[in-house]
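If you read the sequence shown in this note's numbering, its first letter stands for residue 4, the second for the next number, and so on. C-beta atoms are modelled at their ideal positions from N, C-alpha and C, and glycine is treated no differently. One structure is given here, and the rest of the page talks about it.
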Amino acid sequence: MIRVRACGLSDVGRARNHNEDCFGIDPEHRMVVVADGMGGHNHGEVASRIAVKAVQEFVEQTADHDTTWPFVYDARVSRHSNRLKTAIRMAHDKVLRAIRHDGSLIGMGTTVVGVLLQGRIAAVAHVGDSRAYRFRDGELELLTQDHTWVNEQVVAGYLSLEQARVHPLKNVVTRALGGESEVLVDVREVEVEPGDLYVLCSDGLTTMLEDEEILSYFKEGHPIEEICRRLVDEANQKGGLDNVTVVIAEILAGD
Ligand code: CA
């Protein structure tokens, strides 16, 4: 039996008045989630909070009985991956419902990325450009593919990574909760080992720091709380142009 320890930190940054990022940590159900809201009049804050709460509630409610209702079960992945995927789809519905209920919220949306651990498997699911990484054996592996226009151009071979980084459309996300009526959730499963660190973050970290820089903070071997603090400080030191959020879940060997 493995154990999990997790921590997170979210900061408004140096250029904005409001923090539209939100995160949730549920040690009992072994789940961590980050959401990065968008929309005028600070409505991004509303969207990201609705999403985090909805994901947490669904995971909690389905601890003893699995359900994907009213969505179709995805037979390619385990039931716990289906659980996380369904939690995100429920969150999408809740954001849409809030918009329907209050017309002033039209245009709000949010990214979401979550990791749900079950046994030796981690389900990783996301929508948008918030990311999940895994730090293992001195290396940082990106577990998610940004749902952004520039990343899709990179994958298709039309843009280089360097061109994407400075492209004027680099902030355009192609998927978000609260957008179209159906949301496509990417979900994958990875095998968990003691010592792994699962890292979730908003783009306020990854637009300020290169992956190599992020990696250097993990290599120093500090406690996870210290790594969160240092990464957020570094993003702010580099300008803090966006809200920044980092959540780290550490896998510990069991008794
Ligand atoms: Ca952001």
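Remark: the shortest separation between the CB of G141 and any heavy atom of ligand 1 does not fall under 8 Å.
Residue state for G11 is assigned as strand, using DSSP reduced to three classes. Under DSSP, H129 shares a beta bridge with V116, D189.
K97 is classed as buried because its beta carbon has at least 16 other beta carbons within 10 Å across all chains shown. Residue ranges of uninterrupted beta strand (DSSP E) with 3 or more members are absent from the segment 144 to 174; none lies entirely inside it. The DSSP-derived three-state label of E253 is strand. Short note on E48: C-beta not closer than 8 Å to any heavy atom of ligand 1.
For the set R137, A128, V169, the Cα lying nearest the Cα of R191 is the one of A128. According to the DSSP assignment, F26 belongs to the beta strand (DSSP E) that extends over 24 to 29.
A238 and V15 have their alpha carbons spaced roughly 11 Å apart. The beta carbon of A125 sits closer than 6 Å to those of V118, V193, V195, all from its chain and outside the five residues before and after it, given in chain order.
In this structure, DSSP gives T209 a helical state, which the three-state scheme calls helix.
Looking at Y201, E213, K56, the one whose alpha-carbon comes closest to that of A38 is K56. Distance between L200 and L187, taken at the CA atoms: about 26 Å.
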